[in-house]
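A.B. asks: The number in the numbering used here is simply the position in the sequence shown, starting from 1, with 1 added.
Glycine included, each C-beta is placed from N, C-alpha and C at the ideal position.
Structure provided below as structure tokens; questions to follow.
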Amino acid sequence: MPGTPEPVVGSAVVTLGLAVAVGTLVAVVPLVVGRRPSPRRYAAVGGGVYALAVGGLWAVPRIGVAGLGCSLPGDVGTCGPFALIGVVVLAGQGAVALYTYSEYGYVVPLGATASATLVLAWSFLRIGGESDPMTLYALFFGPAAVGVTCVLGVCEGIVRRQGTTVTAS
2 MPGTPEPVVG SAVVTLGLAV AVGTLVAVVP LVVGRRPSPR RYAAVGGGVY
52 ALAVGGLWAV PRIGVAGLGC SLPGDVGTCG PFALIGVVVL AGQGAVALYT
102 YSEYGYVVPL GATASATLVL AWSFLRIGGE SDPMTLYALF FGPAAVGVTC
152 VLGVCEGIVR RQGTTVTAS
């Protein structure tokens, strides 16, 4: 059907499996990393690595494929600004989750980022279609995902504080 994205890796099942694996990896790696720098540095470096890795899931399948709304490198003038915005938003998504985990031990933002990563990997590993998923992420869904991740982190903080509140009887 015209306008329907096709899986890059051959089938929808394999694409979904790969997306689940990437999302799981994003959630598990911070839990098993033993030695960490300061929370700010961990968030900055980890957010950058996350942005480059997930951005690579978008860029690599589009290299040399003609006829896409955003084929690389031919459409870099059109897609480049949106891709740059997308990478910045991806870095923010990863940094929020890593900072809240490193500083406060919050795991809900990690789960939110893992869920967003699963959806992004599924979208980025499918080419064709009517619109470019990185553009949609950069302009609409990414800022919303970062906002939701922040709100979920605040909610986890409130719940944790409520659980440790001692009342005098």
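To which residues of the same chain is Gly47 closer than 8 Å at the C-beta, ignoring the five residues directly before and after it?
C.D. replies: Cβ neighbours of Gly47 beyond the five flanking positions: Pro31, Gly95, Ala96 and Leu99.
A.B. asks: Straight-line CA distance for Leu153 to Asp133?
C.D. replies: Whole-angstrom Cα-Cα distance: 28 Å.
A.B. asks: Under a three-way DSSP split, which group does Arg63 fall into?
C.D. replies: Arg63: helix per DSSP, three-state reduction.
A.B. asks: In whole angstroms, give me the CA-to-CA distance for Tyr51 and Gly164.
C.D. replies: Their backbone Cα atoms lie some 32 Å apart in a straight line.
A.B. asks: Which class does Pro8 belong to by DSSP, given the choice of helix, strand or coil?
C.D. replies: Of the three classes helix, strand and coil, the one that applies to Pro8 here is strand, per DSSP.
A.B. asks: What are the complete alpha helix (DSSP H) segments, minimum 4 residues, inside the segment 90-140?
C.D. replies: Those alpha helix (DSSP H) runs which fall completely within the segment 90-140 and span 4+ residues are 109-125 and 134-137.
A.B. asks: Using a 10 Å radius around the Cβ and a threshold of 16 neighbouring Cβ atoms, would you call Val33 buried or exposed?
C.D. replies: By the 10 Å Cβ count, Val33 comes out exposed.
A.B. asks: Is it buried or exposed for Met2, if we count other Cβ within 10 angstroms and need 16 for buried?
C.D. replies: At Met2, the pLDDT of 47 sits below 50, so the modelled position is not reliable; the number obtained from the coordinates is stated separately. Looking at its Cβ environment, which holds fewer than 16 other Cβ atoms inside 10 Å, Met2 is exposed.
A.B. asks: Looking at Gly56 and Val88, is the spacing between their C-beta atoms short of 7 Å?
C.D. replies: Yes. Within cutoff.
A.B. asks: Using 7 Å as the threshold, is the C-beta distance between Thr16 and Leu126 below it?
C.D. replies: Against a cut-off of 7 Å, the Cβ pair of Leu126 and Thr16 comes out as a contact.
A.B. asks: Comparing C-alpha positions only, which one of Thr101, Val14 and Leu85 sits nearest to Met135?
C.D. replies: Checking every option, the nearest Cα to that of Met135 belongs to Leu85.
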